[in-house]
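Engineer:
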Amino acid sequence: MKKDKKQVQNKRKYADAALQKIEDARLEFYGKYKFHNNLKLVVTVICFMAILLVIFLKEAIANGTFQGLPLIIAILALAVAYGYSVYVKRKFNNKMKTYFELYFKSINDYALSSKGFKDVELQKPGKITLDEFKECQLYKDVCEAGSRGLTTFKYNKVEMSVVDCAGNIKDAKRMRPVFVGKMVRAKASYKGEKPVIIYLKGNDRALPPTNLEGIKKQEEDKKMIVYSNNEDYKKVLTTKVRKTLEEIKTEKVLVDVAVSIYKGKAFAMLGYDDPLMVLPLQNEFDDAPTIKYKKDIEVVAKLLEALNK
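Take the sequence shown: its letter number 188 is residue 382 in this note's numbering, and every next letter is one higher.
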């Protein structure tokens with residue numbers, strides 16, 4: 195007796211039911227995507243063959259009664275191919291949107307489920323503006339910012355938000371990323387205009403802050419660098435803040451972390467690599483990067499709470 199294909203593909207054990215939902219939704223979406231993509235190819239081939247047939251029969255038809263038939267057939271074939279292509283694109287743009295919303299809701303249901311997290315809400319359309327991205331003041335000359343999955347929540351009493359985002363600069367002939375990952379935002383107790391910037395070093399995939407010109411390096415060790423022109427910056431880096439920073443572990447998925455605090459605002463820029471940032475489609479959903487992200491966001495939420503006191 196043959197096993198059901200879906201059962202075979204679903205043999206992986208996921209850490210949480212919310213993560214299993216992602217894989218179930220991926221299988222359903224990708225199955226329909228492949229079917230309609232293949233059907234679109236079949237329709238295109240049939241229309242192309244119809245046009246070829248018209249070319250071969252053109253002279254024979256032209257000598258008969260229906261001289262305009264070749265043109266009519268060619269136009270109809272192209273119209274059918276184009277119409278079906280547009281139909282598939284629209285259909286799957288909507289399905290992709292639904293899949294993305296389920297993905298982020300499921301990620302939130304898992305990653306933001308620990309004690310202290312509450313009022314979790316996925317925003318629509320789930321994006322931030324270029325100005326909102328640039329507000330962190332960590333990256334120079336950013337001219338484009340893509341984002342998705344904006345989610346607001348509270349950690350204990352502190353309001354926060356997290357969003358997937360990427361900031362790009364124009365470098366010679368192409369756009370180049372200066373940040374890819376998750377931006378976490380909250381209010382902060384420090385009201386000073388001179389930013390306090392903390393950078394947790396990462397691997398060779400890391401994208402360190404680029405907007406540091408004129409800002410003094412105050413501290414550096416093998417894990418962390420602190421920049422600020424405020425000589426009283428240590429008042430921001432309290433014992434609790436420093437202990438929480440030590441809990442953040444950069445590695446192959448979380449490649450680096452940059453934190454900026456100024457004018458009553460705090461930004462934690464978590465640089466993540468593709469295993470977390472690329473939504474699963476063709477390949478099976480791997481929950482290991484999301485499990486790491488859950489640990490990261492718990493520590494970062496504690497950090498931002500400490501900066502708010």
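All residues carry an ideal CB built from backbone N, CA and C; glycine is no exception.
If you pair each beta-carbon of the region 443-456 with each one of the region 396-404, do three or more pairs fall below 8 Å?
Structural biologist: Touching, per the Cβ criterion.
Engineer: Which same chain residues, not among the five before or five after I419, have their C-beta less than 6 Å away from its C-beta?
Structural biologist: Mapped onto the sequence shown, residue 419 falls at position 225. Within the same chain, I419 has close Cβ partners Y393.
Engineer: Taking the beta carbon of G277 as the centre, do at least 16 other beta carbons fall within 10 Å, making it buried, or is it exposed?
Structural biologist: Locating residue 277 in the sequence shown gives position 83, where the first residue counts as 1. When all chains shown are included, G277 counts as exposed.
Engineer: Among residues of its own chain, excluding the 5 on either side of G574, which ones have a beta-carbon nearer than 6 Å to its beta-carbon?
Structural biologist: Past the boundaries of the shown model lies residue 574; the chain is included only from 195 to 503, so the question cannot be answered.
Engineer: For A366, is the classification buried or exposed, using 16 other Cβ atoms within 10 angstroms of its Cβ as the cut-off for buried?
Structural biologist: Along the sequence shown, read from residue 1 onward, the residue named residue 366 stands at position 172. Looking at its Cβ environment, which holds fewer than 16 other Cβ atoms inside 10 Å, A366 is exposed.
Engineer: From the DSSP secondary-structure annotation, give me the bridge partner or partners of Y421.
Structural biologist: Taking the first residue of the sequence shown as position 1, residue 421 is located at position 227. The partner list for Y421 (beta bridge, DSSP) reads I391 and K411.
Engineer: Are Y466 and K376 touching if we call contact CB-CB under 9 Å?
Structural biologist: The residue given as residue 466 occupies position 272 in the sequence shown. The residue given as residue 376 occupies position 182 in the sequence shown. Result yes, Cβ atoms of Y466 and K376 sit closer than 9 Å.
Engineer: Would you mind working out which of P474, L498 and K488 sits nearest M290, comparing C-alpha positions?
Structural biologist: The residue labelled residue 290 in the question sits at position 96 within the sequence shown. The shortest C-alpha separation from M290 is found at P474.
Engineer: Round the Cβ separation of L296 and K215 to the nearest angstrom and send it over; I've been treating them as touching at under 8 Å.
Structural biologist: Working through the sequence shown from its first residue, we reach residue 296 at position 102. Working through the sequence shown from its first residue, we reach residue 215 at position 21. Indeed they touch by this definition, with Cβ atoms about 7 Å apart.
Engineer: Suppose the cutoff is 7 Å on Cβ atoms and the five residues either side in sequence are ignored; what does the same chain contact list for N502 look like?
Structural biologist: If you number the sequence shown from 1, residue 502 lands on position 308. Here the set comprises V352, A380, K381, A382 and S383.
Engineer: Note down, in chain order, each residue of its chain lying with its Cβ closer than 7 Å to the Cβ of K496, except the 5 sequence neighbours on either side.
Structural biologist: Taking the sequence shown and counting its residues from 1, the one referred to as residue 496 is at position 302. Excluding positions up to five away in sequence, the list reads T438.
Engineer: Relative to the C-alpha of P469, which residue among M463, C330 and F479 is closest?
Structural biologist: Position 275 of the sequence shown, counted from the start, is the residue given in the question as residue 469. Of the candidates M463, C330 and F479, the one whose C-alpha sits nearest the C-alpha of P469 is F479.
Engineer: With a threshold of 16 other CB atoms inside 10 Å of the CB of N362, please say whether the residue is buried or exposed.
Structural biologist: To locate residue 362, count along the sequence shown from 1; it is residue 168. When all chains shown are included, N362 counts as buried.
Engineer: Which first and last residues belong to the beta strand (DSSP E) in which V494 is found?
Structural biologist: In the sequence shown, residue 494 corresponds to position 300, counting from 1. It is not in any beta strand (DSSP E) - V494 instead sits in the alpha helix (DSSP H) that spans A482 to A500.
Engineer: Determine the extent of the beta strand (DSSP E) in which T444 is found, giving its start and end residues.
Structural biologist: Translated into positions along the sequence shown, residue 444 becomes position 250. Premise fails: T444 is in no beta strand (DSSP E) and is neither H nor E.
Engineer: For P402, which of K429, Q331, T345 and E440 has the nearest alpha-carbon?
Structural biologist: The residue you call residue 402 lines up with position 208 of the sequence shown. When each option's Cα is compared against that of P402, the closest is Q331.
Engineer: Using the C-alpha atoms, what's the distance from E222 back to T444?
Structural biologist: Translated into the one-based positions of the sequence shown, residue 444 becomes position 250. Translated into the one-based positions of the sequence shown, residue 222 becomes position 28. For T444 and E222, the distance between alpha carbons rounds to 34 Å.
Engineer: Could you check which residue in F461, M354, L306 and Y281 has the C-alpha nearest to that of L486?
Structural biologist: As a position in the sequence shown, residue 486 is number 292, starting the count at 1. Just to set this straight, residue 486 is Lys in the shown sequence, not Leu. Here the closest residue by C-alpha is L306.
Engineer: Quick one: Cα of K226 to Cα of Q476, how far?
Structural biologist: As a first step, residue 226 must be located in the sequence shown, where it is residue number 32. As a first step, residue 476 must be located in the sequence shown, where it is residue number 282. About 12 Å.
Engineer: Can you tell which of F298, P483 and K434 has its C-alpha closest to the C-alpha of A500?
Structural biologist: Taking the sequence shown and counting its residues from 1, one reaches residue 500 at position 306. Nearest option by C-alpha distance: K434.
Engineer: Which residues in the same chain as F461 place their Cβ atom closer than 6 Å to its Cβ, once the five residues preceding and following it in sequence are excluded?
Structural biologist: Looking up residue 461 in the sequence shown gives position 267. Correct list, in chain order: C330, R379 and S454.
Engineer: So, under 8 Å CB-CB, Y179 and A219 are touching, yes? Tell me the CB distance rounded to an integer number of Å.
Structural biologist: The structure shown has nothing for residue 179, since the chain only spans 195 to 503.
Engineer: For R370, collect the residues of the same chain with a Cβ closer than 7 Å to its Cβ; drop the 5 residues on either side in sequence, then sort them by chain order.
Structural biologist: Taking the sequence shown and counting its residues from 1, one reaches residue 370 at position 176. Around R370: N362 and I363.
Engineer: Nearest CA to the CA of I442: which residue from L498, M471, Y224 and M243?
Structural biologist: Here residue 442 is taken as the residue at index 248 of the sequence shown, counted from 1. Minimum Cα distance to I442 is reached at L498.
Engineer: Taking just the CA atoms, how far does V274 sit from P483?
Structural biologist: Here residue 483 refers to the residue found at position 289 of the sequence shown. Here residue 274 refers to the residue found at position 80 of the sequence shown. Rounded to whole angstroms, P483 to V274 spans 43 Å at the Cα level.
Engineer: Helix, strand or coil for I322? Go by DSSP, reduced to three states.
Structural biologist: Taking the sequence shown and counting its residues from 1, one reaches residue 322 at position 128. The answer is coil: DSSP assigns I322 none of H, G, I, E or B.
Engineer: Take V493 and list the residues in its own chain whose beta-carbon comes closer than 6 Å to its own, dropping the five residues that flank it on each side.
Structural biologist: Residue numbering aside, residue 493 sits at position 299 when the sequence shown is read from its first letter. Here the set comprises E441 and I442.
Engineer: Nearest-angstrom Cα distance between K348 and I491?
Structural biologist: Mapped onto the sequence shown, residue 348 falls at position 154. Mapped onto the sequence shown, residue 491 falls at position 297. Going from the Cα of K348 to the Cα of I491 covers about 12 Å.
Engineer: Taking the alpha-carbon of K321 as reference, which of F311, K385, F298 and K334 has the nearest alpha-carbon?
Structural biologist: Within the sequence shown, numbered from 1, the residue matching residue 321 stands at position 127. Answer by Cα proximity: F298.
Engineer: Report buried or exposed for L213, applying the criterion of at least 16 other Cβ atoms within 10 angstroms of its Cβ.
Structural biologist: Residue 213 sits at position 19 when you count from the first residue of the sequence shown. Per the 10 Å Cβ criterion, buried.
Engineer: Tell me the residue span of the alpha helix (DSSP H) that contains L470.
Structural biologist: What you label residue 470 is simply residue 276 of the sequence shown in a count that begins at 1. Note, L470: alpha helix (DSSP H), D468 to M471.
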